[in-house]
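Report on one structure; see the data block that follows.
Protein chains: 2
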Amino acid sequence: MIEISNAELSVMQVVWQRQPLSANDVIAGLGDDNDWHEKTVKTLLNRLVSKGALGFNKDGRAYLYYPLITEQDYQLQQSRSFVDRLFAGKVAPLVAGFASQNKLKPDDVQQLKQLIADWEQEQNHD
Amino acid sequence: MIEISNAELSVMQVVWQRQPLSANDVIAGLGDDNDWHEKTVKTLLNRLVSKGALGFNKDGRAYLYYPLITEQDYQLQQSRSFVDRLFAGKVAPLVAGFASQNKLKPDDVQQLKQLIADWEQEQNHD
DNA sequence: GCATGTTGATTACATCTGTAATAGTATGTG
DNA sequence: CACATACTATTACAGATGTAATCAACATGC
Numbered sequence: 001m002i003e004i005s006n007a008e009l010s011v012m013q014v015v016w017q018r019q020p021l022s023a024n025d026v027i028a029g030l031g032d033d034n035d036w037h038e039k040t041v042k043t044l045l046n047r048l049v050s051k052g053a054l055g056f057n058k059d060g061r062a063y064l065y066y067p068l069i070t071e072q073d074y075q076l077q078q079s080r081s082f083v084d085r086l087f088a089g090k091v092a093p094l095v096a097g098f099a100s101q102n103k104l105k106p107d108d109v110q111q112l113k114q115l116i117a118d119w120e121q122e123q124n125h126d
Numbered sequence: 001m002i003e004i005s006n007a008e009l010s011v012m013q014v015v016w017q018r019q020p021l022s023a024n025d026v027i028a029g030l031g032d033d034n035d036w037h038e039k040t041v042k043t044l045l046n047r048l049v050s051k052g053a054l055g056f057n058k059d060g061r062a063y064l065y066y067p068l069i070t071e072q073d074y075q076l077q078q079s080r081s082f083v084d085r086l087f088a089g090k091v092a093p094l095v096a097g098f099a100s101q102n103k104l105k106p107d108d109v110q111q112l113k114q115l116i117a118d119w120e121q122e123q124n125h126d
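Chains as they are written, first to last, in the UniProt record's numbering: chain B, 1 to 126; chain C, 1 to 126.
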């Protein structure tokens, strides 16, 4: 299981958005969210390559990086591990926390209802 | 914001369950989940005290530890930060991931339905 | 062709983490 | 009282992380 640190994740997210891209593209893509030094970003790219999270092709002098794992897979893996650790694997209590903090927005709820409907559908026809 | 590492979290979870308790109680409480050396657990307790996550009262020679932050607060804080980082603050996509992996269990769904019902109720009467 | 700048590679360094071992201190036992 | 015990406090040490600086290689403008 590839472990991606917090800082590295920010880089991955840029690469997931638009790929492949150069180190400079990544630096630009990070924008104002992070104002890391250029060298810092290069280091993170390097580490991500070492970890097997990114691959690259040479484009003359520069590299063009692309993800080796999808954002979806990463999200799933992390979600499961997070919910396992903090909520004993149950997702409902997490959502309950959001609800209690008024962090649920109408379209969140709409999507949840849809999910549940689909899930129930699924239960029936098999 | 107090940062609790993974290993430290396991200790916190024991203390949240039953408090206050001694270092030995914690060691016993960790049970088979972790088979850390006694010294390791003491180190973790120490760090948690330094971080302000645990307090203690002396009980003769030994300390009795108790949490300075509630599990609820920690869960909320971590959930928000997790969902912000990976899902741009939207909780529904996280649940969708669970659904897609068949990780939703009937009682999860039941609780979610209840949450939504409550939420809608809330929306109406204010 | 040579100085320069650009790009990746290597090295740096403090802090945090996981995982203990050792030191210091108080306490109970004979 | 002296010693073994039982705790906590301090120290250790390697790997991960955040955050860069320096090095090396190569292309480019004079």
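Glycine is no exception: its CB is placed at the ideal position from the N, C-alpha and C atoms.
Quick caveat: nothing in here was measured; it's all calculated off a predicted structure.
At a C-beta separation below 8 Å, arginine 85 of chain C has these neighbours in chain B: Asn6, Leu9. Nearest neighbour of isoleucine 4 of chain C by Cα position, chosen from C:Lys39, C:Leu45, C:Val26, C:Ala23, turns out to be C:Leu45.
Counting every other CB atom within 10 Å of its CB across the protein chains shown gives glycine 52 of chain B a total below 16, marking it as exposed. When Cβ-Cβ separations below 8 Å define contact, arginine 80 of chain C makes contact with chain B. For glutamate 120 of chain C, the closest C-alpha among the options B:Asp118, B:Ala62, B:Gln110 is that of B:Gln110.
Interface residue (Cβ-Cβ distance to chain B less than 8 Å): lysine 90 of chain C is classified as such.
With a threshold of 8 Å between beta carbons, tryptophan 16 of chain B makes no contact with chain C. Residues of chain B with a Cβ closer than 7 Å to the Cβ of alanine 53 of chain C do not exist, since the nearest Cβ in that chain sits about 15 Å away. For leucine 30 of chain C, not one C-beta of chain B is nearer than 8 Å to its own C-beta.
Contact of alanine 99 of chain B with chain C is assigned, a C-beta pair being separated by under 8 Å.
A straight-line Cα-Cα distance of about 16 Å links valine 15 of chain B and glutamate 38 of chain B. In its chain, beyond the 5 residues on either side, Tyr66, Leu68 have a beta carbon closer than 6 Å to the beta carbon of glycine 55 of chain B.
For a Cβ distance threshold of 7 Å, residue set Ile116 of chain B lies close to lysine 113 of chain C, ordered along the chain. Secondary structure at asparagine 24 of chain C: helix, using DSSP grouped into helix, strand and coil.
The C-beta of serine 10 of chain C has 16 or more other C-beta atoms within 10 Å across all chains shown, which makes the residue buried. The bridge partners DSSP lists for tyrosine 63 of chain C are C:Lys58. Taking 8 Å as the threshold, the shortest C-beta distance from glutamine 19 of chain B to chain C does not fall below it. Nearest to aspartate 59 of chain B by alpha-carbon distance, out of B:Asn24, B:Val41, B:Val83, is B:Asn24. Chain B has no Cβ within less than 8 Å of the Cβ of tryptophan 36 of chain C. If one requires a minimum length of 3 residues, the beta strand (DSSP E) runs lying completely within the stretch 58-114 of chain B are 62-67, in chain order. For alanine 7 of chain C, the enclosing alpha helix (DSSP H) has its first and last residue at 6-17. The Cβ neighbour count for isoleucine 27 of chain C, taken over all protein chains shown within 10 Å, is at least 16; the residue is labelled buried. At a cut-off of 8 Å between beta-carbon atoms, aspartate 33 of chain B makes no contact with chain C. For valine 91 of chain B, the closest of C:Gln114, C:Gln123, C:Asp73, C:Asp108 by C-alpha to C-alpha distance is C:Asp108. Taking a beta-carbon distance threshold of 8 Å, valine 109 of chain C counts as an interface residue toward chain B.
The beta-carbon of valine 95 of chain B is placed less than 8 Å from the nearest beta-carbon of chain C.
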